[in-house]
Structure formats: structure tokens, C-alpha cells
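Peer 1:
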Amino acid sequence: MAGSGSGAAGIAGCAPAAGAQNPRSIAEVVRMVNTLEKPLELPCFLAHLAGPLQMTAALSTVSAQPAFTRSSPRIFVFLDPLVFTVVPEGPGRYLLEFGERRGDARSLKAEIVFPVTGELAPEAPFEHIVFNEQFSTCAFCHDAETRAPDVPFARAFESLALRPPDEALVSLDELRSEVQLCDAGSDPYRCAMLHALFGREAVVEREFPETYGAL
Ligand code: HEC
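With the working numbering applied, the sequence shown covers 2 to 216.
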């Protein structure tokens, strides 16, 4: 039945381990992914995150994860200093996009494509976004890109961090009602994504750092 109380625990086998600490960097996400059973789907990874999550949701018309409808916005999850983003549907729905905060207005960029079927190398999320020796694919929109000197084991890039414009925001209350309406029979992937994020004791609305820019 539509969304009948099946929370994150409803995604079979995908729940936080007792006493689990959430990852706070791209490197820690890689370590966590490597401890989980494969093949690992993105909703299952999300359901493994512990406790209340701080999030922002927004329509995103120009990004690596376009989201055009209020019922399936782009969702930004804050695990400070890490921010990761997902979309419940559309071409970006199998991507976990990262921005690990660097200072006031920049972030280290990376990406993992799901499902993950084997061990992830530490450099994999960085190498996946390489466009050429000089740039990542993110540089088309995230300006002022440089190599990240603190990630010597990969071709890693950092660049300006961006935030959604205020008029694009979708409140978590509005999105929560979508989670309840979601019909897992006709929309299994989208429902699994939303349940994995909202099927927990609390989700907390979070404001973007004001120092992050707009496109
Ligand atoms: C077509 C333009 C575009 C491209 C290419 C793009 N982004 Fe973004 N990105 C945006 C916009 C615009 C925002 C602001 C939020 C929104 O509107 O979705 C953003 C915000 C973000 C954020 C939130 C905070 C932060 O640290 O910037 C992350 C994380 C992110 N993008 C990751 C990536 C990664 C990783 C890549 C490369 C694989 C990438 N983006 C490529 C346009 C783009």
C-alpha cells in the first residue's frame, strides 16, 4: 500500500548499524560503502545513515542532477563538512554528488555512481569526474576550480560551492507529504529514495551557508 509506514528499516537489510557514526568526508563515505553488502543500491546506502538528517530540498534546473518537479526535488544532505546531493528521479537518480566544504565558499568535488558492485578504490569518486588533466566535469558550472592539494592520491578538484536560489526551495514539510503519498507499486525507486531519507525519527530543515554562491 502507498507508503504504509515502511521506513528506512523497510528497505530489506538496509539500516544503520548499532552505534554507527555517519561519514563526514568523501574518504569516509568510501570506507562505509566498502563495508556494506554488494551490490549496493543508492536507497540502501541512504537508509544506512544513522539518526536525524539535516537537509535542504530544491528544484534544480541547471545542475548535474536536474530536478524539475516539487514532488522530486534535488535533496542536499549536510554531514558537515560534507554535503551530498541526490535526486529521487531523472537522469541523476543513481548519482551521489559530493561537495566537501573547504573554507567559506569552496568545496572538494566527487561522485559515486550506484549500484556499487565491488570494492571502491579511494581515488574512484575523484577520478570519476575528471574531464581532462586540467578540469573536472563540475568546472562547467562550479567556477575557480583548482587541484586539491590535500588529496594527493587522485586527480581531485575543488571549486566554488553553489547554493539553490531561495525561490527554488521546497520545504521538508511539503516533501514529507509526498513521501506519504508515494506509491511503491508504481514508483518503486523514487519511493525507496524518499523513504530512505525520511523514514527516521527526525529530519531537520537546514539552511545553506550564506557564503555559498548562486549560479
Ligand atoms: C550544469 C551546471 C552544473 C554542473 C556541471 C555541476 N553542478 Fe553542482 N551545482 C550546480 C548548481 C546550480 C548548484 C546549486 C544548487 C542547485 O541549483 O542544484 C550546484 C550545487 C552543488 C552542490 C552543493 C554545494 C556545493 O558544494 O557546491 C554540490 C555538492 C554539487 N553541486 C556537486 C557537483 C559535482 C560533484 C559536480 C561534477 C560532477 C557538479 N556539481 C557539476 C550546477 C552544476
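Just so you know, even glycine gets a beta-carbon here, dropped at the ideal spot from N, CA and C.
Anyone know if the C-beta pair for A193 and P74 falls short of 7 angstroms?
Peer 2: No, the Cβ-Cβ distance between A193 and P74 is not below 7 angstroms.
Peer 1: So is A65 buried or exposed if we call it buried at 16+ other beta carbons inside 10 Å?
Peer 2: Per the 10 Å Cβ criterion, buried.
Peer 1: Take A145 and list the residues in its own chain whose beta-carbon comes closer than 7 angstroms to its own, dropping the five residues that flank it on each side.
Peer 2: Excluding positions up to five away in sequence, the list reads S160, L161.
Peer 1: The beta strand (DSSP E) that contains T86, what's its start and end?
Peer 2: Where T86 is concerned, the enclosing beta strand (DSSP E) stretches over 83-87.
Peer 1: In this structure, what does DSSP give as the bridge partners for R103?
Peer 2: R107, per the DSSP bridge assignment.
Peer 1: Using the DSSP secondary-structure output, state which residues sit across from S137 in a beta bridge.
Peer 2: Beta-bridge pairing links S137 to V131.
Peer 1: Which residue from K39, A157, E211 puts its Cα closest to that of F99?
Peer 2: The shortest C-alpha separation from F99 is found at A157.
Peer 1: Distance, Cα to Cα, L121 vs A203?
Peer 2: Their backbone Cα atoms lie some 30 angstroms apart in a straight line.
Peer 1: Can you check DSSP and say which residues form a bridge with R148?
Peer 2: In DSSP, R148 forms a bridge with F158.
Peer 1: Thinking C-beta only, is L163 closer than 7 angstroms to G93?
Peer 2: It is not a contact, given that the beta carbons lie outside the stated cut-off.
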